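Structure first, commentary second.
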Amino acid sequence: MMKPIVLFALLAGLPVLPAHADELPAEWNLAGQAATCGARPTARTFTLMAREKIVPIGMGFSADQMVYEGAGAPALLEACAGDTVTFILHDTGKMAHGLDVHAFFISPEHFGPVNEGGTLTYTRKVTLPGAFFFHCASGPITDVHIKSGMVGALIVYPREGLRPAKEIAVLQGGFFGEPDPHGLIEPETNRIMRNDPFILAFNGRLEHDPVHVQPHQLVRVWFVNAGPGTSSVHVIGTILERFYASGNPENVERDVQTGLVPAGGGAAFELRLPEPGTYPLVDHDNLRFLPFGMAIPLVAD
Ligand SMILES: [Cu+2]
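Residues in the sequence shown are numbered from 16 upward in steps of one, following my numbering.
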């Protein structure tokens, strides 16, 4: 069957480019709670480079983005409650950038921005577990930088109390421009101002590697929503047996069919796949982006 994205490209008069899945980095490489927390709290330093670059996003498309290099793609960092965390941001780009990490109790003045060539750094203990959003802080145009991809997730695992599970992380966000004849998406001011993404996507990409687990194995998803809009997270074919608002196990709801994750917020949730099959993780309010790959295939086999 013709992929809907290919159909769209043909209807729009765009050239159909070959998929570039081989250009996308491996997607599921979380260390997880047990390996990250270890025996005792530790000091961690995360060094990020802020810059602008063209990023392949799959299905033959690429995007002109602002990114945090050094944090993975998508930008994904792991710490454990009680750790002392230092962020160092080097602005290696062509404009001012900053870094706002939602896991901290700290004056926002620390978040910058700094001008090109500059560096900012701050250190704090992370006291609360959660799935935390981090993003550029660039004053009045912060929204433009967030919607240009300068976003990431910091998972702060609880030190104790979680059950062993297959863990993954998902970061929801959007691309705010229509592709040019070469498949390149440039952010468009009008779409940014209207909160109107051309595509919403998980992990900044339109193609996803399947996540393989065994039937009945516990799966834990750390989820952050860059926005716009609240994400209505659902896994087709099963029910979320525990849903932790903000990713903090203190905030537990049980047996939730669809969980809400606000823009600028996070969650963690646990589920099981009851029998062999593929169970897509989706935003139930944005199923219109399924043809663009907005589904994480959870596979029981
Ligand atoms: Cu920025």
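Glycine included, every Cβ here is placed at the ideal spot set by N, Cα and C.
Please read all numbers here as calculations on a predicted model, not as lab measurements.
- Determine the DSSP secondary structure at C151, reduced to helix, strand or coil. coil
- Message: According to DSSP, is A50 part of a helix, a strand, or is it coil?
- Response: helix
- Task: Compare the Cα-Cα distances from T293 to each of D316, G127, A283 and V276 and report the closest residue.
- Result: D316
- Task: Return the bridge partner residues of M64 from the DSSP annotation.
- Result: E84 and H105
- Message: Whether or not the stretch 217–231 and the stretch 62–74 are in contact is what I'm after, with contact meaning three or more pairs of Cβ atoms, one per stretch, closer than 8 Å; do they touch?
- Response: yes
- Item | Nearest neighbour of E38, chosen from G127, A310, P264 and F76 [CA to CA] | F76
- Message: Given 7 Å as the limit, tell me if M7 has its C-beta closer than that to any heavy atom belonging to ligand 1.
- Response: The structure shown does not extend to residue 7, since the chain is modelled only from 16 to 316, so the question has no answer here.
- Task: Consider the C-beta atom of C52 and the heavy atoms of ligand 1; say whether any pair is separated by less than 7 Å.
- Result: no
- Item | Length of the line joining the Cα atoms of G242 and Q48 | 26 Å
- 8 Å Cβ cutoff, G176 in contact with chain B: Absence of chain B from the displayed structure is noted, only one protein chain being present.
- Query: Any heavy atom of ligand 1 closer than 7 Å to the CB of H112?
  - Reply: yes
- Reduced DSSP category for T57 - H, G, I as helix; E, B as strand; rest coil: coil
- Work out the CA separation of A78 and P319 for me, nearest whole Å. The structure shown has nothing for residue 319, since the chain only spans 16 to 316.
- Item | Simplified DSSP state of V319, which is helix, strand or coil | Residue 319 is absent from the model: the chain starts at 16 and stops at 316.
- Exposure of L305, with buried meaning 16 or more beta-carbon neighbours within 10 Å: exposed
- Task: Determine the burial state of L199: buried for a count of at least 16 other Cβ atoms within 10 Å of its Cβ, exposed for fewer.
- Result: exposed
- Task: Please report the residue range of the alpha helix (DSSP H) in which T142 lies.
- Result: Neither: T142 is in no alpha helix (DSSP H) and is coded neither H nor E.
- In the DSSP assignment, find the unbroken alpha helix (DSSP H) run with N205 in it and report its ends. T204 to M208
- Query: Is S153 near ligand 1, with its Cβ less than 7 Å from a heavy atom?
  - Reply: yes
- Query: Which stretch, first to last residue, makes up the alpha helix (DSSP H) that contains V159?
  - Reply: T157 to I161
- Message: I want to check one thing, is the minimum distance from the CB of H125 to the heavy atoms of ligand 1 below 7 Å?
- Response: no
- Query: What number of angstroms, rounded off, separates the C-alpha of H231 from the C-alpha of N44?
  - Reply: 22 Å
- Query: Taking one C-beta from the stretch 254–269 and one from the stretch 141–153 each time, how about it: are there three or more such pairs within less than 8 Å?
  - Reply: yes
- Which partner residues of N130 appear in the DSSP bridge assignment? Per DSSP, none; premise fails for N130.
- Could you tell me if P212 is buried or exposed, where buried requires 16 or more neighbouring beta carbons within 10 angstroms of its beta carbon? buried
- Message: Which of the three DSSP states is assigned to R174 in this structure?
- Response: coil
- Paired residues, beta bridge with E285 - DSSP: R235 and R257
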